[in-house]
Structures are given as structure tokens and as C-alpha cells.
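J.: The opening residue of the sequence shown carries number 0 in numbering that gives the first Met the number 0; numbering runs sequentially from there. Backbone N, C-alpha and C define an ideal beta-carbon position, used for all residues, glycine too. What you are looking at is a predicted structure, and each value in this text was computed from that prediction instead of being measured.
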Amino acid sequence: MSTTFWIILAGAVATYLTRVGGHLVISRFDNIHPRVEAGLNAVPAAVLTTLVAPAALGAGPAEWAALIVTAVVSLRGGLMAMFLAGAAVLILARQFVG
Numbered sequence: 000m001s002t003t004f005w006i007i008l009a010g011a012v013a014t015y016l017t018r019v020g021g022h023l024v025i026s027r028f029d030n031i032h033p034r035v036e037a038g039l040n041a042v043p044a045a046v047l048t049t050l051v052a053p054a055a056l057g058a059g060p061a062e063w064a065a066l067i068v069t070a071v072v073s074l075r076g077g078l079m080a081m082f083l084a085g086a087a088v089l090i091l092a093r094q095f096v097g
């Protein structure tokens with residue numbers, strides 16, 4: 000089998016073990032301190048920021064337009080509306096603006 004397959008498989012196993020390990024550690028506690036719970040609740044936003052920020056800093060006008068439209072739609076619409084609006088603006092802006 001190819002090296003790529005083994006790399007993907009190792010990444011999948013590492014991801015699975017990390018998630019299961021975290022669940023097993025947290026499930027051993029009867030109650031979780033509110034600060035720990037607040038920190039765990041902040042993790043998804045932190046991960047999203049680390050994915051979006053580098054792309055936004057190196058983005059062109061099409062990406063900025065999509066980011067702005069997505070932010071505006073997120074104030075009123077749901078997750079699917081936000082995603083579709085951002086994707087549509089990005090596709091159209093890349094097609095016509097460059």
C-alpha cells in the first residue's frame with residue numbers, strides 16, 4: 000500500500016484516540032468546574048479562528064467580500080444560510096472579480 004494511505008490511516012487513528020481519550024478523562028469526573036466547562040466550550044471557536052485567520056490575512060477581494068457577506072448573514076440567518084451566502088459570493092466574486 001502507498002505511503003499516503005498509511006499517513007491518512009495514522010492521522011485517523013491519532014484523531015480517534017485523542018477524542019476518545021478526552022472523553023474518557025472528562026467522564027471520570029462527577030462534576031466539572033465551571034471554568035473548565037467554559038474553557039472546553041471555547042475550543043471550537045478557537046479552532047475556527049486558527050483556520051480562518053491565516054486565510055483571511057492572505058485573502059484577495061473575492062475572499063474578503065465572501066467573509067463580509069458571511070458575517071452579515073450570520074447576524075440574522077442560520078448556519079446553512081450563512082454557508083450558502085458565503086459560498087455563493089465567493090464563487091461569483093472569483094468568477095467575475097478575480
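Report the rounded CA-to-CA distance for residue 62 versus residue 42, giving the unit in angstroms.
T.: Approximately 25 Å between the Cα atoms of the pair.
J.: Under 7 Å Cβ to Cβ from residue 73, same chain only, skipping five residues before and after it: list those, please.
T.: Cβ within range, chain order: 81.
J.: Specify whether the region 77 to 95 and the region 37 to 55 touch according to this definition: at least 3 beta carbon pairs, one from each stretch, less than 8 Å apart.
T.: No, the region 77 to 95 does not touch the region 37 to 55.
J.: Taking residue 90 as part of the alpha helix (DSSP H), name the residues at either end of that continuous run.
T.: Run containing residue 90: 78 to 95, per the alpha helix (DSSP H) assignment.
J.: Pick out the complete beta strand (DSSP E) segments inside the region 5 to 38, 3 residues or longer, and give them in chain order.
T.: The region 5 to 38 contains no whole beta strand (DSSP E) run of 3 or more residues.
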